[in-house]
Each structure stands twice: as C-alpha cells, then as structure tokens.
Amino acid sequence: MISQKSHLANMDVWVQWRENKILEAKKALIETYLPLVDYVSSRLSIGLPKNVSKEDLSSFGVMGLIDAIEKFDYQRGLQFETYASWRIRGAIIDGLRQGDWVPRSVREKAKKIEEAYQVLEQRYLRSVSDTEMSDYLGVSENDFQQMVQDVAVSTVCSIDDPIREEDSETRLSLLIDEKAKNPEFKVNEVYIKETLAKAIERLTEKERTVVSLFYYEELSLSEIAEVMSLSPSRISQLHSKAIQRLKGALSRHKTHLLYD
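Just so we're aligned, residue 16 is where the sequence shown starts under my numbering, counting upward by one.
Shown next, in the form of structure tokens:
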C-alpha cells in the first residue's frame, strides 16, 4: 500500500492536474497510484472462477483509478488511497458483473443464506449452527456446506450498488467529507458500528479470526489458511459464512439505520 505521506508529497502534482488540467500531471498520478490497482485486484482475485484473469481485473481496476483521479477533490482533506481503493474495487466488480461472472442461481443461494441467518439469529439472539441452518433451509448439512462454498465468490459487492434494491442511493453516496458530517449521519454511523460489533461477537471463533486477519491484518485467504492450518477452500467457506451473517445482521436494521 502507498503510505499517507505520498499524498502530501504529490500535492503539487494534484494542483497541476486539478487546477491547470495538465495531462502530464494526471499521467504522473496514475503511475504513482498504480500499486493500488495491483493491491485491490490481488485481494479480489481470491476465490474467483479460474476463467477470470488477473489481467481483466487490472484492466477494470485501472479504469477505476482513472475515474478516482478525475473526481477526487484534494482540497477536502480526505485520503486519496482510501477513496481510490473503493473506486477501483467498484470498477472491478462492475466489470465482472457485466460479464455475468456470478450465475443467477448462485446469487439466489446467497440471498437464501443471508435471509436464513437474518431470521434465525434474530430468533435465537446468538450464532446459529450449520445444523440449524440446514434444517431451516431444508437441505442436508453437506448440501449447506456446498451452498456456502458456491456463494463464496459472490461475497464482494460494488460501491455503486444501491443500498436498498428499490432505491437509487448508493454506498458511494455515504462517503461524506469527515468535516461536514451532520448529526443524523453521525448517529447512523455509530449505530452501524454497534450493530457490526454485536454481529461480529456472534460469529464463531474461526469466523472472527478470518475476518480479523483478512480485513484488519490484510492477509490473503491463502496466507490465512497457512496461519490457521486449514485449506484455502475452508478459509473461503468461513469467510463466506461470516459475510452472510454480517449482511443478515445489517439487513435487520437497514430501514432504521438509513431512514429512521
């Protein structure tokens, strides 16, 4: 990852591009932040179908980087690397979706699992077992494990996806200047964090470990597999189950969080 100092060191280049539209400055910024594309595409490539090439991911990612450079306002005091990473991630996933990389049947399975976690964990107020999940879904435990494995590649989502299916507001619209947060946004932000914290507490120990290592320590799933002495496919499955649990928890409070 590019260090925070890099943004400050390139402030004059940002000025040249944003204020004077000097194309050489834009080119310099693209070259400077290209490592972000490799970083994001490498993390997203874990668990994707073999027919998805790293070159395709990088190509989509570069388009996202260029879009980020064109739209970023350096005067707002935000960190470009964070903003660009989301844009790159969104561009890659949108590009993959246009290529129909996840079959409808897989998306339907993912939705069923998410809804099942939502219903059962609200009912029992605890982490539910695979047996309870398979009973609720009316499948064997082996079939449930296969379902989880099948949806592992669909646990990424685009920043440009609508927050609610019937609305046009996207996750990107929530990236508001830290200096301009209104009270309602601050309350929602705190509530979201509390909801996620409680949901994470309900994950199994192995699921919490995977989430921590992947999102906080930024290890790849293959590296996590080595740390936990498990197979990469098992780590992918644990990650998928954790994400479905968390999505289910957020879905229960979605209306309150965004429209209360």
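For glycine and all other residues, C-beta sits at the position ideal for the given N, C-alpha and C.
Roughly how many whole angstroms lie between the Cα atoms of residue i and residue j?
| i | j | result |
| --- | --- | --- |
| Lys86 | Arg141 | 43 Å |
| Lys256 | Val163 | 7 Å |
| Ser149 | Ser73 | 38 Å |
| Ser244 | Ile84 | 41 Å |
| Val225 | Glu216 | 13 Å |
| Ile108 | Lys213 | 28 Å |
| Asp158 | Phe229 | 26 Å |
| Glu233 | Ser227 | 8 Å |
| Ser57 | Ser144 | 32 Å |
| Arg112 | Ala125 | 15 Å |
| Asp88 | Leu236 | 34 Å |
| Arg179 | Trp29 | Note that Arg179 scores a pLDDT of 46, beneath 50, so its modelled location is shaky and nothing firm can be said. |
| Gln90 | Gln161 | 49 Å |
| Tyr98 | Tyr132 | 31 Å |
| His254 | Asp53 | 22 Å |
If we count the other Cβ atoms within 10 Å of its Cβ and call it buried at 16 or more, is residue i buried or exposed?
| i | result |
| --- | --- |
| Gln252 | buried |
| Glu39 | exposed |
| Val259 | First, the residue type needs correcting, since residue 259 is Gln and not Val in the sequence shown. Looking at its Cβ environment, which holds 16 or more other Cβ atoms inside 10 Å, Gln259 is buried. |
| Val55 | buried |
| Ile191 | Note that Ile191 has pLDDT 42, beneath the 50 cutoff, so the model's placement of it is unreliable and no number is given. |
| Glu209 | exposed |
| Val242 | exposed |
| Gly68 | Just to set this straight, residue 68 is Ser in the shown sequence, not Gly. Looking at its Cβ environment, which holds fewer than 16 other Cβ atoms inside 10 Å, Ser68 is exposed. |
| Asn35 | exposed |
According to DSSP, is residue i part of a helix, a strand, or is it coil?
| i | result |
| --- | --- |
| Glu34 | helix |
| Thr97 | helix |
| Leu234 | coil |
| Gln259 | helix |
| Met26 | helix |
| Thr210 | helix |
| Phe75 | helix |
| Asp88 | coil |
| Leu143 | Going by the sequence as given, residue 143 is Val instead of Leu. DSSP places Val143 in coil when its eight states are reduced to three. |
| Val154 | coil |
| Arg217 | coil |
| Leu59 | helix |
| Leu245 | coil |
Do the CB positions of residue i and residue j come within less than 8 Å of each other?
| i | j | result |
| --- | --- | --- |
| Glu123 | Lys262 | no |
| Ala106 | Gly79 | yes |
| Val134 | Val166 | no |
| Ile37 | Ile81 | no |
| Glu136 | Thr146 | no |
| Ala240 | Ile250 | yes |
| Arg104 | Leu59 | yes |
| Leu93 | Lys127 | no |
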